[in-house]
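Trainee:
2 protein chains.
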Amino acid sequence: MNTSAIKGPPGKIKIMDAFSFLMETKDFQSITTAKIAETAGVTEGLIYKYFTDKKDLLHQVLNQHFTTFQAGIEAKIAQKNSCTEKLEAIVFASLDSYAKNRVLARILLLEVRSSLSYFESGAYVMVKKYAGTILDIICQGIKTKELRPDIDPFLLQKVILGAIEHTCLKQVIFDKKIDVNAASSGIINIVFNGVKHHGCH
Amino acid sequence: MNTSAIKGPPGKIKIMDAFSFLMETKDFQSITTAKIAETAGVTEGLIYKYFTDKKDLLHQVLNQHFTTFQAGIEAKIAQKNSCTEKLEAIVFASLDSYAKNRVLARILLLEVRSSLSYFESGAYVMVKKYAGTILDIICQGIKTKELRPDIDPFLLQKVILGAIEHTCLKQVIFDKKIDVNAASSGIINIVFNGVKHHGCH
DNA sequence: ATACAAAGGTGAGTAAAACTTACTTACAAA
DNA sequence: TTTGTAAGTAAGTTTTACTCACCTTTGTAT
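So the protein sequences, as listed, match chains A and B. First residue of the first sequence: 30, per the numbering used here; consecutive thereafter. First residue of the second sequence: 30, per the numbering used here; consecutive thereafter.
1) Please report the residue range of the alpha helix (DSSP H) in which R142(A) lies.
2) Bridge partners of G176(A), per DSSP?
3) Interface residues of chain B around Q169(A) at Cβ under 8 Å?
4) Measuring CA to CA, which of N130(B), T54(B), G101(B) and G191(B) is closest to L138(A)?
5) Pull up the distance between the alpha-carbon of M30(B) and that of G101(A), whole angstroms please.
6) In the DSSP assignment, the alpha helix (DSSP H) including F95(B) goes from what residue to what residue?
7) Take every Cβ of the region 150 to 164 of chain A, pair it with every Cβ of the region 148 to 162 of chain B, and state whether three or more of those distances are shorter than 8 Å.
8) Please list the partners that G215(B) has in chain A, where partner means a Cβ-to-Cβ separation under 8 Å.
9) Taking a contact to mean a Cβ-Cβ separation below 8 Å, would you say Y127(B) touches A134(B) in this structure?
10) When the distance is taken between beta carbons, is I171(A) closer than 8 Å to P178(A)?
11) Could one say the Cβ of Q58(B) lies closer than 8 Å to chain A's Cβ atoms, at least one of them?
12) Determine the contact status of L75(A) and I44(A), defining contact as a CB-CB distance below 8 Å.
13) Using a beta-carbon distance below 8 Å, is S49(A) in contact with chain B?
14) Just the C-alpha distance for K83(B) and I180(B), rounded to the nearest angstrom, thanks.
15) Is V132(A) closer than 8 Å to E53(A) when the C-beta atoms are compared?
16) Is there a Cβ from chain B that is less than 8 Å from the Cβ of V90(A)?
17) Between the alpha carbons of P182(B) and I216(A), how many angstroms are there, rounded?
18) Determine, using beta carbons only, whether M30(B) comes closer than 8 Å to chain A.
19) Quick one: list the residues of chain A neighbouring N222(B), beta-carbon separation under 7 Å, in chain order.
20) What does G64(B) reach in chain A if we use C-beta pairs closer than 9 Å?
21) Under 8 Å, CB to CB, which of the residues in the region 127 to 161 of chain B have a partner in chain A?
22) Return the first residue and the last residue of the alpha helix (DSSP H) that T68(B) is part of.
23) Can you name the residues of chain A whose CB is closer than 9 Å to the CB of I42(B)?
24) At a Cβ threshold of 8 Å, is N218(B) touching chain A?
25) Please go through the same chain and pick out, in chain order, the residues whose beta-carbon is closer than 8 Å to the beta-carbon of A107(A), but skip the five residues on each side of it.
In structure tokens:
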């Protein structure tokens, strides 16, 4: 993932790219500012010209990855008409993104949550927007009677988000492949149809 | 949460209690070994007599909290007969534990995931056992036809775990109350019955 | 009783890494 | 040319996790 297309002074871009590159093989804690500077080919001090601290760098890199992620999602759901199709598309696209971009997945699922500053960052604003998109579709689906009227939209949103994240958690941690198709259709099947066995229809 | 009942030299107990106490108001990163020692009334060096590093302390404290958590869960599901009742009990008990023990919740949901060493810790072994319990119940439920035979038990396990965790994530982060009853019955309703609206039965 | 090993505990010190700050260079506008 | 600003540097400082050599207490076998 290179980000040369994005705006900003060359030093800043080099730092973000270097950090992103290092995150492919190491976790946040074990990446030192010295190593980031060395990889970027700049001095350590420059990091603090563009980022308030190391965590701000993490958040800005996440923001950058998430922006392309979000754009992809919105493009895909725009093609779908029904609420169920849209939700299917979101589940699939989310899993697919985590499968294809492990840096995004690792930052989002493993790294950021541990510090409160994340929840004041621009990256978190993006993530909230993504979550909001899901909520909107659910509410829409309830209105159009595609979804049961007695379900709590907020709760369904959380179940879907939790299912997506937990489904690929282990694979992200241990760097294993994700079977996006199987996971995606499996989640949708469970959440849409339920798991109880009864002689219905 | 005091742990004086647990085995170990007084210094070790004091350190774990102090750390646990500090985790109620601060996150792992911002708790310094100096502060832990001061709160415990021991010297910094003693920490490293009983813990290989700061993270090991985190993992042992989690292990301790999780042990009581796990015991509570097992006691509750033992009273239930059907698979669905057992799963209901697990969802409720898990949410209830996170609601009542924020240190447990914060460590488990926010802190440990960021470092690989957790996945080699004893605490992770406990968590895997807990996840295994859920999986067993699901498999049982499929055998007894309580649950649909075409669902992937591993995936259902992850959906349930993800739903539980994501449902209380925001409240854990921002220290808000969790409506355990509403969340629990809501999750069960969604996962058991599905969210699609159709003229069935 | 005494020796003595082992466990519990101390405190000063070290190394590494995040962050600061005073400075220099490039470069565009007036 | 001067001047102002953004980009970048290099050499600190400080914080903090972790170490290590040393004391102190306790229990136990001779």
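Every residue, glycine too, gets a C-beta built ideally from N, C-alpha and C.
Mentor: Once the coordinates are examined:
1) No alpha helix (DSSP H) holds R142(A); DSSP gives it neither H nor E.
2) Before going on, a small fix: residue 176(A) reads as Leu here, not Gly. For L176(A), which the question treats as bridged, DSSP gives the partners K225(B).
3) Within chain B, no residue comes near Q169(A); the closest Cβ sits about 13 Å away, beyond 8 Å.
4) Ranking N130(B), T54(B), G101(B) and G191(B) by Cα distance to L138(A) puts G191(B) first.
5) Below a pLDDT of 50, predicted positions are generally treated as unreliable, and M30(B), at 43, falls in that range; no measurement from the model is reported.
6) F95(B) -> alpha helix (DSSP H) spans K83 to A107.
7) no
8) I180, D181 and L184
9) yes
10) yes
11) For Q58(B), the answer is yes, since a Cβ of chain A falls inside 8 Å of its Cβ.
12) yes
13) By this cut-off, S49(A) is not an interface position.
14) 41 Å
15) yes
16) no
17) 11 Å
18) At M30(B), the pLDDT of 43 sits below 50, so the modelled position is not reliable; the number obtained from the coordinates is stated separately. Chain A, which has no Cβ nearer than 8 Å to the Cβ of M30(B), makes this no.
19) G223 and K225
20) Sequence check: residue 64(B) is Lys here, not Gly. Under the 9 Å cutoff, chain A gives no residues; its nearest Cβ is about 17 Å from K64(B).
21) Residues L138, L139, E140, R142, S143, S144, L145 and F148.
22) T62 to A69
23) Result: empty, since nearest Cβ-Cβ is about 26 Å, beyond 9 Å.
24) yes
25) none
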